[in-house]
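Participant: Got a structure for you, questions after.
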Amino acid sequence: MDVTIEELETLRQQNQTLKEQVKLLVKTERRLDKSQKELNRQLKGIHAMSAFALSAGATSDLNDITTLSLRTLFDLFAMDQAVGFLLDADGQLTPHAIHAAEGLEGDSAARLIASTWSLPVAELTIPTEPVVFKTADKALQSPGLVPCLACMEALYVGAVEESDGPDYSISVVIPLQRKGGALLGLLAIRKLDPASKSFHEELPTKKDVGFLQNFGNSLESALDNAMLQAERQKAREDQQRMARELEIATQIQQSMLPTKPPAIPGMDIAFHFKPADEVGGDYYDLLPMGDTHLAVAVGDVNGHGLGAALLMAMAKSSLHTQVGQNADITAVMTGLNDMIYNATTERRFMTFIYAVIDLNTWTMISANAGHPHPYLMSGPDGDVSAVESPAVYPLGVRKKGKYALHESHLSFGDVLVFYSDGIIEGRNPVGEEFGFDRFEQVIHDRQGASAAGVRDGLLQAFTDFEGIQDDDITLLVLKFAPVIPVEIVAA
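The sequence shown lines up with residues 33 to 523 when you count with my numbering.
In structure tokens, the structure reads:
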């Protein structure tokens, strides 16, 4: 069969077209294969990141989360060694987890971490996104990261066998930040010999920066959540501890204050104490001095809470010691002032009134150190007046204090009201102060009432006033009544 030249040319052209189509098919297949591999790689990364997030969310241990992140990276990339650094309270990047393809795990890893050194953040230049170095020289061109890579080297000296060949040629640094941008830590991983990877392993490249950034974000969230959980747990534990301490302090304070008035013939006594916090800085006391005298004390430490309560307790102890050793009012006041002045480094002070009532003569001698003057209701009309003594500084304000004495003569039916400024300075919702005038009027309106009646009247008036308690409230009411003789029947 003869073939013409034209037919040969046509066949040649068809053959050339076929070759080009085959080449195109091969290129397309290669591109598809490459795309499939890239897709598989991305899917593998997504699955790995999801598994990491799920596992990391099940623990709040920072070391466990960091170790889990290193293992995840090892599953994705052909790397040999990795170190997870976290920022400590001293501003040091401290190794919290290490991982190696040679199996450096468990106790040996823990001992290695404990014996290594930390990195001062001031000496580092932390990148803002993951960095992939293809050669050691490239890594060393970033001097801010040299200490990090050197620390990694120190971690593995003697821990795993390294080849005698060239230094590592692939290294990756992944910075970690807390919400708000504060440095959290960083991950450093490396490959000693890229040629040693198996066919199914992948080496990280600059194309992986986006994935590494997303993985870093996932790790940041896991660590940040773990830290928040730890902070919340610590806050709960601190709160519980403080609640227990406050409960104990409240019990101690309540045990230090009178729970019932002493039985004094011819005297009706009632009191009330309510701290603004769990514990307060107000102090009141009634100290019988034999059968002939009764000491009355009311004080108010500036502020409230544990500090004020502690000073109140010290004042009580000092007062009881002073009264036991010396009944002289001036000496008692001077001793208390010395104790408070010398016992506090911060400027704490205490307003204080101290009175001694002679139960035979119904005479009261008192000294006042900056405390609100007590009120005396007397006479058939229930006249109310302040038992005023010369004004002096509260206890603890000055190293030396002079305390003038004031003498009051009492009669049957008289009512003495000692108090702290918690009621006086209490304000209602519109900002109006309860005040002295209202306080005096309530006392007057309770003429003829018992000591408890006067006390309850004041408290009810404060409630009706809708007073908001911002300070401790103390009331101590004494009413002088005729002594009723007790008939003794012979057996």
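All C-beta atoms in this analysis are idealised placements derived from N, C-alpha and C, irrespective of residue type, glycine included.
Answer yes or no: do Leu442 and Met371 have a C-beta to C-beta separation smaller than 8 angstroms?
Facilitator: No; because the gap between Cβ atoms is not below 8 angstroms, this pair is not in contact.
Participant: Assuming Ile158 is part of the beta strand (DSSP E), what are its boundary residues?
Facilitator: Per DSSP, Ile158 belongs to no beta strand (DSSP E) and is neither H nor E.
Participant: For Phe468, I'd like the list of residues in its chain whose CB is within less than 7 angstroms of its CB, leaving aside the five on either flank, ordered along the chain.
Facilitator: Result list for Phe468: Ile456, in chain order.
Participant: Determine, using beta carbons only, whether Phe381 and Gly428 come nearer to each other than 8 angstroms.
Facilitator: Their beta carbons are under 8 angstroms apart, which means Phe381 touches Gly428 by this criterion.
Participant: Looking at the strands, I want to know which residues DSSP matches up with Thr362.
Facilitator: BP columns for Thr362 are empty, so no partner.
Participant: What whole-angstrom Cβ distance do Ala341 and Ala281 have, given they're in contact under 8 angstroms?
Facilitator: Going by Cβ atoms, the distance from Ala341 to Ala281 rounds to 6 angstroms, so yes, they are a contact pair.
Participant: Enumerate in chain order the residues of its own chain whose CB-to-CB distance from Thr99 is below 6 angstroms, with the five nearest sequence positions on each side excluded.
Facilitator: The residues are Ala129.
Participant: How far does the beta strand (DSSP E) with Gly331 in it extend, from its first residue to its last?
Facilitator: Note, Gly331: beta strand (DSSP E), His325 to Val333.
Participant: Measuring only the C-alpha atoms, how far is Asp93 from Ala254?
Facilitator: Roughly 10 angstroms between the two C-alpha positions.
Participant: Assign Met409 to one of three DSSP states: helix, strand, or coil.
Facilitator: Note: Met409 maps to strand in three-state DSSP.
Participant: Under a three-way DSSP split, which group does Gln479 fall into?
Facilitator: Of the three classes helix, strand and coil, the one that applies to Gln479 here is coil, per DSSP.
Participant: Taking a contact to mean a Cβ-Cβ separation below 8 angstroms, would you say Phe303 touches Pro290 in this structure?
Facilitator: Yes, the pair counts as a contact, with Cβ atoms nearer than the cut-off.
Participant: When the Cα of Ala250 is compared with those of Met111, Leu56, Leu86 and Asp332, which residue comes out closest?
Facilitator: It should be noted that the sequence gives Ser, not Ala, for residue 250. The candidate whose alpha carbon is nearest that of Ser250 is Leu86.
Participant: Are the beta-carbon atoms of His405 and Asp332 separated by less than 8 angstroms?
Facilitator: No, they are not a contact pair.
Participant: Whole angstroms is fine: what's the gap from Gly433's alpha carbon to Tyr425's?
Facilitator: Taking the straight line joining both Cα atoms gives about 8 angstroms.
Participant: Is Asn400 helix, strand or coil by DSSP?
Facilitator: In this structure, Asn400 counts as strand in the three-state DSSP scheme.
Participant: Going straight from the alpha carbon of Phe466 to that of Ala436, what length do you get?
Facilitator: Cα to Cα, Phe466 sits roughly 29 angstroms from Ala436.
Participant: What are the start and end residues of the beta strand (DSSP E) that includes Ser417?
Facilitator: Here the beta strand (DSSP E) through Ser417 covers Asp415 to Ala418.
Participant: Pull the bridge partners of Arg459 from the DSSP assignment, please.
Facilitator: In the DSSP output, where bridge partners are listed per residue, Arg459 has Glu465 and Ile500.
Participant: Would DSSP call Glu22 helix, strand or coil?
Facilitator: Outside the displayed span of the chain (33 to 523) sits residue 22, for which this structure offers no information.
Participant: Is the separation between the beta-carbon of His476 and that of Val416 shorter than 8 angstroms?
Facilitator: Contact: yes.
Participant: What residue range does the beta strand (DSSP E) around Ile505 cover?
Facilitator: That run of the beta strand (DSSP E) goes Ile505 to Phe512.
Participant: Determine the direct distance from the alpha carbon of Pro159 to that of Leu105, and round the result to whole angstroms.
Facilitator: So the two alpha carbons sit approximately 19 angstroms from each other.
Participant: What does a CB cutoff of less than 6 angstroms around Glu161 pick up in its chain, not counting 5 residues either side in sequence?
Facilitator: Counting only Cβ-Cβ distances below 6 angstroms, and skipping sequence neighbours, we find Gln245.
Participant: Could you have a look at Gly116 and say whether DSSP puts it in helix, strand or coil?
Facilitator: It is a strand residue.
Participant: Taking only the alpha-carbon atoms, compute the straight-line gap between Ala483 and Ile301 and give it to the nearest angstrom.
Facilitator: Between Ala483 and Ile301, the C-alpha separation is close to 6 angstroms.
Participant: Looking at the structure shown, is Gly212 part of a helix, part of a strand, or coil, going by DSSP?
Facilitator: If DSSP states are grouped into helix, strand and coil, Gly212 belongs with coil.
Participant: How big is the Cα-Cα spacing for Asp446 and Glu263?
Facilitator: Their backbone Cα atoms lie some 59 angstroms apart in a straight line.
Participant: Taking a contact to mean a Cβ-Cβ separation below 8 angstroms, would you say Gly463 touches Ile505 in this structure?
Facilitator: In this structure, Ile505 does not lie closer than 8 angstroms to Gly463 by Cβ.
Participant: Once the 5 residues before and after Pro207 are set aside, which same chain residues still bring their CB inside 6 angstroms of it?
Facilitator: Around Pro207: Ile158, Pro159 and Leu218.
Participant: Whole angstroms is fine: what's the gap from Ile500's alpha carbon to Pro461's?
Facilitator: If you take the alpha carbons of Ile500 and Pro461, they lie about 7 angstroms apart.
Participant: First and last residue of the beta strand (DSSP E) that includes Ser440?
Facilitator: Its beta strand (DSSP E) spans residues His438 to His441.
Participant: Can you tell which of Leu64, Ala258, Leu318 and Arg222 has the C-alpha that lies nearest to the C-alpha of Lys211?
Facilitator: It is Ala258 whose Cα lies nearest to the Cα of Lys211.
Participant: Grab me the residues of Met321's own chain with a C-beta within less than 8 angstroms of its C-beta, minus the 5 sequence neighbours each way, in chain order.
Facilitator: Within the same chain, Met321 has close Cβ partners Ala327, Val355, Ala359 and Val388.
Participant: Measuring CA to CA, which of Ser350, Leu368, Glu439 and Val364 is closest to Trp394?
Facilitator: Checking every option, the nearest Cα to that of Trp394 belongs to Glu439.
Participant: Please state the DSSP three-state secondary structure of Glu52.
Facilitator: Three-state result, Glu52: helix.
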